[in-house]
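Written below as structure tokens is the structure these notes are about.
In this note's numbering, the protein residues as written are 63 to 362.
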């Protein structure tokens, strides 16, 4: 059993497709298929269920993947330990987030204090961030909605942000201080485009209130502000976004209108001092700015 075999297996396991995995690995598909077959023969058991062109891990494959992930984590730990010993530890920090607003303001403040840092930040879906963390492609991840629950990943809730109802100031509900979502069940909704994670959350909020929202518009942030001011509908947005965009909002009486933002990393991965420092800074930043994520009528 060779490390290259295990890396090929890991890639196939996460892509669930031989052709896509071969393209990622830049090798021929028959060569990859043969490598997986030899690994299965060596272990004496199939590792995948075959479903046409797609494949998925079977019980044996899931067991092997957990151990393979741990092997590559330990190899990274060994590399990092050697770099530290030789005083060649990189200042590079790799982080992936599901929404660009999660680092808005924070990252510039960090760079001002730690100008020697090198930060590579990407945008990815929640599921992709989990995969990136496990494969060692990123060191930290920030996601919204439900905190990640995975035995290989440590997850810490940074803040539970209030979600509010955005309405024009002259709207029927514009003068209210709070409102139940059921009161706007028939109203047209304006939602943010290209944010599947948040869209699922807001749809869940409405369904808990007893209705399915009618999305009249799905637009980006600047366009959303324009449409709101034209009295074309209402929107469910995080309170910090409303403050940044100068939108008029009403607090929601529904208890479920809370949106957690969480920081994650792999449990057994050794993090460099730079990454640990950035992780601590993120946590501290959210704690220091906690009021921005809560509805306080005195600062609206």
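Note that CB positions come from ideal geometry on N, CA and C, so glycine has one too. These figures come from a predicted structure and were not determined experimentally.
Contact between the region 298-311 and the region 185-197 is absent: fewer than three C-beta pairs spanning the two stretches fall below 8 Å. Under the criterion of beta carbons closer than 8 Å, residue 228 and residue 159 do not qualify as touching, at roughly 23 Å.
Excluding sequence positions up to five before and after residue 186, its CB lies within less than 6 Å of the CB of 158, all in the same chain and listed in chain order. Taking a cut-off of 8 Å on C-beta distances, the region 168-182 does not touch the region 212-229, as fewer than three cross pairs fall below it. Where residue 350 is concerned, the enclosing alpha helix (DSSP H) starts and stops at 335-350. The C-beta distance from residue 209 to residue 92 rounds to 42 Å, too long to meet the 8 Å contact threshold. The region 223-311 is shown to contain whole beta strand (DSSP E) runs of 3 or more residues at 250-254, 276-281 and 297-300, in chain order. Note on geometry: alpha-carbon atoms of residue 230 and residue 206 lie some 26 Å from one another.
Straight through space, the alpha carbons of residue 114 and residue 346 are spaced by roughly 49 Å.
Selection 144, 271, 242 and 294 evaluated against residue 278 yields 294 as nearest (Cα-Cα). Relative to residue 177, the option among 285, 340 and 356 whose CA is nearest is 340. Across the structure, residue 269 and residue 311 are spaced so that their CA atoms are roughly 21 Å apart. Note on residue 275: 16 or more other CB atoms within 10 angstroms of its CB, so buried under the neighbour-count rule. Here the alpha carbons of residue 241 and residue 252 stand approximately 17 Å from one another. Per the C-alpha coordinates, the member of 95, 350, 136 and 212 positioned closest to residue 333 is 136. Within the same chain, Cβ atoms closer than 7 Å to the Cβ of residue 348 are found at 220 and 221, the five residues on either side in sequence being excluded. Sequence-distant partners of residue 319 (beyond 5 residues in either direction) whose C-beta falls short of 7 Å from its own C-beta, in its chain, are 224, 225 and 267. Bounds of the beta strand (DSSP E) holding residue 321 are 320-328.
If the five residues before and after residue 327 are omitted, its C-beta is found closer than 6 Å to the C-beta atoms of 202 and 216, all from its own chain and listed in chain order.
Distance between residue 146 and residue 200, taken at the CA atoms: about 19 Å. Look at residue 113 here: in three-state DSSP terms it is strand. Non-local C-beta neighbours of residue 156 in its own chain, meaning closer than 6 Å and more than five positions away in sequence, comprise 182, 200 and 201, ordered along the chain.
CA-CA distance, residue 85 to residue 300, rounds to 39 Å. Distances from the CA of residue 284 to each of 95, 262 and 255 were compared; the closest alpha carbon is that of 255. For the set 265, 343 and 101, the Cα lying nearest the Cα of residue 244 is the one of 265. Residue 124 places its beta carbon 7 Å or farther from that of residue 63.
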